[in-house]
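Start counting the sequence shown at 5; every next residue gets the next number (the numbering used here).
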Amino acid sequence: MKKTLLTLILAGLASFSGFAQETTAPSTEPLTSVVDSLKTQLNKLQHDYDFLWCEHKLRDLINDLSIKANSLQISSCRIMAYARHGGYNRALYNSYSDLLESHRQNYESTKDLISAVKTAVLVKMVMGNFTESEKTVIYTAFDSIKTGTATLEASINDYEVSLKVFRGW
5 MKKTLLTLIL AGLASFSGFA QETTAPSTEP LTSVVDSLKT QLNKLQHDYD FLWCEHKLRD
65 LINDLSIKAN SLQISSCRIM AYARHGGYNR ALYNSYSDLL ESHRQNYEST KDLISAVKTA
125 VLVKMVMGNF TESEKTVIYT AFDSIKTGTA TLEASINDYE VSLKVFRGW
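Quick look at the structure:
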């Protein structure tokens, strides 16, 4: 029994060492070319990651601006509807006024965030050697952010006008 077990173990080791020798055959390429190839692939992956990160951050800002502007526009319509049908309510007016101040503070914070993200994107764009088509995508996103910021500011102003109408009714 011991002899059979020992034979099986030796046969297993012999086949394993033969397999190991086959998989670790000497390479025909010099090691430096393999390292250079891996560096090139890593640089390409880093470049792609940087571009996708920039695009994601910019699209996230665009969506955030759009959601905030839409929310304010809906609130303005709600205020106008209440003004027409419910009349003036001091507690409700105070609540809407506080909400306006919160939106203004949020807008200022959003502008700071936009500035920080734009700076980070520009740094990545310069350091990452983006292609012209990638730069075009980023500049288009910058334009969309500029439009979204103007829309959000207009929505805040509309909200303020709605509050004035609500108070005056």
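The beta carbon of each residue, even a glycine, is placed where N, CA and C say it ideally should be. Note that the coordinates shown come from a computational prediction; the quantities given were computed from them, not determined experimentally.
Just to confirm, are residue i and residue j a CB contact at a threshold of 8 angstroms?
i, j, result
"Lys61", "Val121", "yes"
"Asn69", "Tyr163", "According to the sequence as given, residue 69 is Leu; it is not Asn. No, Cβ-Cβ distance for Leu69 and Tyr163 is not below 8 angstroms."
"Leu167", "Ser101", "yes"
"Arg171", "Tyr92", "yes"
"Ile78", "Ile118", "no"
"Ala145", "Arg82", "no"
"Met131", "Ile142", "no"
On the CB-based measure, 16 or more other CB atoms within 10 Å of its CB, does residue i come out buried or exposed?
i, result
"Ser137", "exposed"
"Asp147", "exposed"
"His107", "buried"
"Ile160", "buried"
"Ser41", "exposed"
"Leu65", "buried"
"Ser37", "exposed"
"Ser113", "exposed"
"Glu26", "A caution first: Glu26 carries a pLDDT of 49, below 50, which makes its placement in the model unreliable, though a value can still be read off. By the neighbour-count rule (16 or more Cβ atoms within 10 Å), Glu26 is not buried but exposed."
"Asp54", "buried"
"Ser99", "exposed"
"Gly90", "exposed"
Enumerate in chain order the residues of its own chain whose CB-to-CB distance from residue i is below 6 angstroms, with the five nearest sequence positions on each side excluded.
i, result
"Val125", "Cys58"
"Met84", "Ser166"
Looking at the secondary structure, which residues open and close the alpha helix (DSSP H) in which residue i lies?
i, result
"Tyr143", "Glu136 to Gly172"
"Tyr92", "That residue, Tyr92, is in no alpha helix (DSSP H); it is neither H nor E in DSSP."
For residue i, collect the residues of the same chain with a Cβ closer than 8 angstroms to its Cβ; drop the 5 residues on either side in sequence, then sort them by chain order.
i, result
"Gln109", "none"
"Gln50", "Gly132"
"Leu46", "none"
Please go through the same chain and pick out, in chain order, the residues whose beta-carbon is closer than 7 angstroms to the beta-carbon of residue i, but skip the five residues on each side of it.
i, result
"Leu104", "Tyr163, Glu164 and Leu167"
"Ala24", "Low confidence applies to Ala24: its pLDDT is 48, below 50, so where it sits in the model is not reliable enough to give any reading."
"Val169", "Met84 and Ala87"
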